[in-house]
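Everything on this sheet refers to the single structure shown next.
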Amino acid sequence: MSEFPVNTWWAAALSDELGEALLARRLLGKPVLLYRTQAGDPVAMLDACPHRFASLSKGRRLGDQVECIYHGLRFDPTGACTRSPYHETRPTGIAVETFPIVDRYGIAWIWMGAREAADPATIPDHSMVMIDGYRWIAGHETYRGDWQLCVDNLMDLTHLFWLHTSTIGGYKEEAGPLPGEEYIVRQDGNRVIGRNLIPNIDKPSATGNGIPPGVTYDQWNDIVWTCPGSLTFAIQAAPAGVRKADKPYMAQTHLMTPAGEGEAHYFWAVSRSFDNEEHHDAKWQHFFGNIFRTEDAPMMEDIERNMGGRELMDLRPVILPRDRGAVMARRTIARAIAAEKEAPAIAAE
Amino acid sequence: MSEFPVNTWWAAALSDELGEALLARRLLGKPVLLYRTQAGDPVAMLDACPHRFASLSKGRRLGDQVECIYHGLRFDPTGACTRSPYHETRPTGIAVETFPIVDRYGIAWIWMGAREAADPATIPDHSMVMIDGYRWIAGHETYRGDWQLCVDNLMDLTHLFWLHTSTIGGYKEEAGPLPGEEYIVRQDGNRVIGRNLIPNIDKPSATGNGIPPGVTYDQWNDIVWTCPGSLTFAIQAAPAGVRKADKPYMAQTHLMTPAGEGEAHYFWAVSRSFDNEEHHDAKWQHFFGNIFRTEDAPMMEDIERNMGGRELMDLRPVILPRDRGAVMARRTIARAIAAEKEAPAIAAE
Amino acid sequence: MSEFPVNTWWAAALSDELGEALLARRLLGKPVLLYRTQAGDPVAMLDACPHRFASLSKGRRLGDQVECIYHGLRFDPTGACTRSPYHETRPTGIAVETFPIVDRYGIAWIWMGAREAADPATIPDHSMVMIDGYRWIAGHETYRGDWQLCVDNLMDLTHLFWLHTSTIGGYKEEAGPLPGEEYIVRQDGNRVIGRNLIPNIDKPSATGNGIPPGVTYDQWNDIVWTCPGSLTFAIQAAPAGVRKADKPYMAQTHLMTPAGEGEAHYFWAVSRSFDNEEHHDAKWQHFFGNIFRTEDAPMMEDIERNMGGRELMDLRPVILPRDRGAVMARRTIARAIAAEKEAPAIAAE
Chain A
0 MSEFPVNTWW AAALSDELGE ALLARRLLGK PVLLYRTQAG DPVAMLDACP
50 HRFASLSKGR RLGDQVECIY HGLRFDPTGA CTRSPYHETR PTGIAVETFP
100 IVDRYGIAWI WMGAREAADP ATIPDHSMVM IDGYRWIAGH ETYRGDWQLC
150 VDNLMDLTHL FWLHTSTIGG YKEEAGPLPG EEYIVRQDGN RVIGRNLIPN
200 IDKPSATGNG IPPGVTYDQW NDIVWTCPGS LTFAIQAAPA GVRKADKPYM
250 AQTHLMTPAG EGEAHYFWAV SRSFDNEEHH DAKWQHFFGN IFRTEDAPMM
300 EDIERNMGGR ELMDLRPVIL PRDRGAVMAR RTIARAIAAE KEAPAIAAE
Chain B
0 MSEFPVNTWW AAALSDELGE ALLARRLLGK PVLLYRTQAG DPVAMLDACP
50 HRFASLSKGR RLGDQVECIY HGLRFDPTGA CTRSPYHETR PTGIAVETFP
100 IVDRYGIAWI WMGAREAADP ATIPDHSMVM IDGYRWIAGH ETYRGDWQLC
150 VDNLMDLTHL FWLHTSTIGG YKEEAGPLPG EEYIVRQDGN RVIGRNLIPN
200 IDKPSATGNG IPPGVTYDQW NDIVWTCPGS LTFAIQAAPA GVRKADKPYM
250 AQTHLMTPAG EGEAHYFWAV SRSFDNEEHH DAKWQHFFGN IFRTEDAPMM
300 EDIERNMGGR ELMDLRPVIL PRDRGAVMAR RTIARAIAAE KEAPAIAAE
Chain C
0 MSEFPVNTWW AAALSDELGE ALLARRLLGK PVLLYRTQAG DPVAMLDACP
50 HRFASLSKGR RLGDQVECIY HGLRFDPTGA CTRSPYHETR PTGIAVETFP
100 IVDRYGIAWI WMGAREAADP ATIPDHSMVM IDGYRWIAGH ETYRGDWQLC
150 VDNLMDLTHL FWLHTSTIGG YKEEAGPLPG EEYIVRQDGN RVIGRNLIPN
200 IDKPSATGNG IPPGVTYDQW NDIVWTCPGS LTFAIQAAPA GVRKADKPYM
250 AQTHLMTPAG EGEAHYFWAV SRSFDNEEHH DAKWQHFFGN IFRTEDAPMM
300 EDIERNMGGR ELMDLRPVIL PRDRGAVMAR RTIARAIAAE KEAPAIAAE
């Protein structure tokens with residue numbers, strides 16, 4: 000696991016994953032217990048009782064509280080111990096660490112850094128993925144590799160034309176830039192904003208993009224990466240030359256979170272205008288999840304092994320023209336980590 | 000594997016496990032070969048030929064000797080090399096390390112420290128577990144966790160009412176101390192001696208305790224822990240208020256031994272007065288072994304992961320009222336380890 | 000993995016393993032891609048694209064070139080990048096590391112050290128294994144253990160009479176040297192040359208040695224080890240006392256190559272005079288491969304565990320009379336490693 004900033008919001012789960020059940024998940028190298036109160040609020044606490052470090056997720060839920068299965072300590076959603084059976088009075092000073100956690104955009108965002116700096120206003124903006132009238136689906140995957148490898152992966156979408164030739168990329172004998180293709184990318188504070196545009200496409204979209212058959216079109220993807228692990232894609236199409244769409248025909252959320260050593264979480268969500276009925280959800284759920292599991296995850300696991308635990312930049316990689324966005328992201332992450340080391344108690348933005 | 004004292008007797012095996020076959024077992028981080036001579040004496044030696052470190056346990060037994068399967072070196076039970084085929088005369092100065100090993104209380108006890116300090120008189124006393132006329136059964140289990148986690152586990156038996164609710168502990172919505180419950184514990188040299196007493200029980204015992212149906216009774220367990228990994232339990236019952244039993248209705252041996260990194264052995268034995276016929280042995284053998292395998296071992300494996308290889312005390316655990324015995328044991332072990340570091344050649348008490 | 004010299008030729012593969020397919024193999028701790036050009040020349044390059052370290056072996060072969068499946072970089076057999084799709088002109092200065100690789104004696108030999116020192120004239124001589132009119136078979140195995148353990152194994156063939164009693168060694172209640180048995184061994188530069196001779200054998204050979212039934216014979220094996228991982232065996236027989244054979248009845252190649260941490264390759268080849276028809280090849284292929292997989296490999300894996308990652312000599316092993324050759328080899332290897340540390344850019348002899 001490479002280093003990572005902690006004073007930031009990370010995706011802990013899909014909001015739909017949290018409910019009555021006690022969910023155990025490793026996040027930022029720590030065991031975390033996730034559940035939802037009866038009122039519906041998400042709860043995140045260290046999944047280790049402060050007494051003997053038993054996993055609270057193996058325990059019993061009593062209303063909104065959790066009881067450790069080892070010696071019966073009970074904790075409420077604030078982490079306070081509400082019962083220690085062999086104490087004569089209710090104990091003070093016993094608590095399990097909890098973490099701020101907020102539902103937004105279908106994601107449960109966790110803050111595992113300095114608590115006083117946790118401001119939900121700094122949760123990355125994924126509002127553009129929630130489009131009225133579109134079907135929204137989401138998924139959670141893991142892979143055995145560093146979390147930044149998937150940031151790199153998503154920041155250079157030319158990989159679609161080699162890694163994903165049999166699924167979303169489409170096969171071409173000689174893939175490469177097309178006449179008029181545009182790639183722009185710029186830094187904006189803790190974000191990197193880019194656009195990939197491919198003009199004059201005459202074959203149908205792999206998914207469905209609203210362009211009538213026979214009409215040549217341009218397609219572009221507006222990408223916003225927010226430090227450290229958040230990306231939104233707004234994928235748009237318009238008849239050739241128009242260069243403007245009312246709204247994306249598909250919008251995507253991509254979120255990476257460090258798990259444990261050499262392991263990372265990947266959360267994704269897609270809003271789609273095509274196949275816009277519920278009974279098509281399962282097909283697209285499988286389509287997007289399966290691409291990650293069979294094409295991206297094996298690639299990142301290979302790279303993890305080939306890098307042998309070393310940092311990417313220490314290996315002096317060749318930098319290609321389309322790496323500008325990925326390099327901006329890597330440098331922004333490195334600065335965020337360095338800033339935390341200098342002033343660990345001050346929140347990063 | 001946390002540290003451990005070496006100048007002490009550790010349980011290597013159930014005595015019944017040793018026989019004609021060559022048994023390989025990892026003890027205190029070393030490979031050990033265990034067997035029994037034709038006269039019935041237990042033998043323990045390093046399970047690595049001093050020539051090329053082949054496992055002697057893969058070799059051939061010739062009478063009381065063992066022949067290495069790699070190049071034919073033979074060793075007698077003292078560890079002396081009795082034949083090196085390509086030496087012209089019987090070699091001198093070739094030997095495999097052996098370890099004192101003694102059968103007592105149904106257990107084969109091994110001494111892997113400074114040989115001159117190995118005094119069988121210091122084997123922990125389990126004579127109270129061997130009760131005339133009682134059925135005695137025993138088992139060997141392993142778990143992936145530090146050996147001290149099981150000492151902690153057994154020193155705080157309140158875990159019965161949470162971890163073992165479906166087996167020996169019994170389920171209560173609100174488990175906790177009962178009126179008149181007693182917990183006493185005291186240090187006595189390298190031992191910790193305690194009693195847990197629960198008064199005025201009116202439901203039947205999970206096993207059978209000799210109290211007639213309908214009679215309210217008190218039940219108590221006299222516990223002796225001996226540094227580093229030995230416990231005896233004398234579990235007794237008497238009609239309420241009598242507070243005295245001729246003898247335990249059940250007595251137990253519990254022994255922990257470090258195996259390798261993050262792995263430990265657990266040996267147990269139970270003498271019982273109930274179901275006191277041989278054909279009931281298999282049922283109780285399964286009952287006690289299965290509780291460990293399905294309830295205790297998974298708990299300790301969880302804790303091992305949650306502790307991430309760190310020392311318990313370095314994690315600053317919350318100390319509860321019923322941890323007094325466990326803390327006394329941890330401190331005694333730490334003192335024994337420290338004493339060996341100061342004077343490694345002097346036997347521990 | 001113990002240390003190893005790098006300025007030397009190591010066996011990378013059987014020549015027959017290389018062809019149109021992209022073969023991934025870990026050698027000397029590095030991922031290596033192996034294939035053969037359309038003209039039949041072997042190619043070896045780092046199996047990690049210099050851009051993002053994707054495995055080139057997962058890519059697409061285009062003529063003699065390889066295209067990375069991640070972002071489409073193409074490399075020719077010299078390692079030069081011939082296409083970077085998003086560069087406006089053919090890129091200069093992008094290359095993947097390649098390694099000299101040479102077919103000889105049915106083996107593809109790789110040089111992973113200082114390139115300027117790679118002289119095929121220093122490939123160990125296995126010409127004596129290629130015998131006109133003999134059937135030649137070969138195999139590739141791996142084991143989880145240090146590469147030098149198999150050098151040790153082959154340098155002391157007395158292990159045949161214990162480890163291989165059920166296959167090539169033959170079972171004797173009291174194995175050991177026979178009257179007149181000879182063992183000579185001497186150092187010759189970076190080689191160790193030895194002979195094992197067993198006189199007056201009256202039982203048939205395990206394989207077939209050309210001696211008529213009923214004739215008592217002598218059998219001897221002329222061994223040449225070349226630093227670091229190469230051995231040839233010339234196994235010969237003649238009626239008792241003759242001590243001379245026109246040619247071996249069987250000749251063998253044995254080659255060890257470090258793979259990754261605690262893992263090694265073993266390549267073998269056998270030329271035989273007996274069963275000298277193609278339809279017998281499969282039987283002997285199974286015979287020799289199976290001995291290694293079921294007898295030698297488990298032995299070396301046991302030893303690897305028992306040594307716990309330490310160097311053999313640091314464990315102060317007992318040295319037996321028949322260890323002279325193995326000790327000479329160990330010392331020669333240690334000198335080669337030390338010489339490279341002093342002058343890393345100068346080729347070893």
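Residue numbers (numbering that gives the first Met the number 0), protein chains in the order written: chain A, 0 to 348; chain B, 0 to 348; chain C, 0 to 348.
Glycine included, C-beta positions come from ideal geometry on N, C-alpha and C.
Contact with chain A by residue i, beta-carbon distance below 8 Å
i, result
"C:K57", "yes"
"B:F350", "Because chain B is modelled from 0 through 348, residue 350 of chain B falls outside the range shown and cannot be assessed."
"B:D46", "no"
"B:A346", "At B:A346, the pLDDT of 46 sits below 50, so the modelled position is not reliable; the number obtained from the coordinates is stated separately. It does not: the Cβ of B:A346 has no partner Cβ on chain A nearer than 8 Å."
"B:P316", "yes"
"B:M255", "no"
"C:H86", "yes"
Inter-residue CB distance, residue i and residue j (contact presumed, cutoff 8 Å)
i, j, result
"A:I332", "A:Q147", "7 Å"
"A:L156", "A:N199", "At roughly 18 Å, the Cβ-Cβ gap does not stay under 8 Å, so A:L156 and A:N199 are not in contact."
"C:T215", "C:A239", "5 Å"
Closer than 7 Å: residue i CB and nearest the ligand PLP heavy atom
i, result
"C:G207", "Only the bare structure without any ligand can be found here, which leaves the ligand PLP out of the picture."
Any chain C beta carbon closer than 8 Å to residue i
i, result
"B:S54", "yes"
"A:M312", "no"
"A:N195", "no"
"A:T157", "yes"
Reduced DSSP secondary structure (H/G/I, E/B, other) of residue i
i, result
"C:A347", "Residue placement at C:A347 is poorly supported in this model, since its pLDDT is 43, which falls under 50; the coordinates still yield a value, given next. Coil."
"C:Q251", "strand"
"B:V214", "coil"
"A:A335", "helix"
"B:R51", "coil"
"A:G324", "helix"
"C:F3", "coil"
"A:L27", "coil"
"B:L314", "helix"
"A:E19", "coil"
"A:E173", "coil"
Reference residue i; option with closest CA among the options
i, options, result
"A:T252", "A:N6, A:T7 and A:A12", "A:A12"
"C:L61", "A:E173, A:E260 and A:V184", "A:E173"
"A:E180", "C:P49, C:P84, C:E260 and C:A236", "C:P84"
"B:L311", "B:Y248, B:C149, B:R59 and B:P90", "B:C149"
"B:V241", "B:T231, B:N152, B:G144 and B:I197", "B:I197"
"C:H23", "C:Q37, C:V42 and C:V5", "The displayed chain sequence assigns Ala, not His, to residue 23 of chain C. Here the closest residue by C-alpha is C:V42."
"C:D63", "C:Q235, C:G18, C:H86 and C:P30", "C:G18"
"B:E276", "B:G324, B:G132 and B:E140", "B:G132"
"C:H125", "C:R51, C:D145 and C:F232", "C:F232"
Any C-beta of chain B under 8 Å from that of residue i
i, result
"A:H70", "yes"
"C:R330", "no"
"A:H139", "no"
"A:Y104", "no"
"C:P4", "no"
"A:R51", "yes"
"C:P320", "yes"
"C:G209", "no"
Fill in: Sequence ranges, beta strand (DSSP E) only - wholly within the stretch 226-306 of chain A, length at least 3
229-238, 249-257 and 263-271
Discussion item. Threshold first: 3 residues or longer. Then list the beta strand (DSSP E) segments lying entirely within the stretch 80-158 of chain B, N to C.
Written reply: 80-82, 100-103, 106-110 and 134-142
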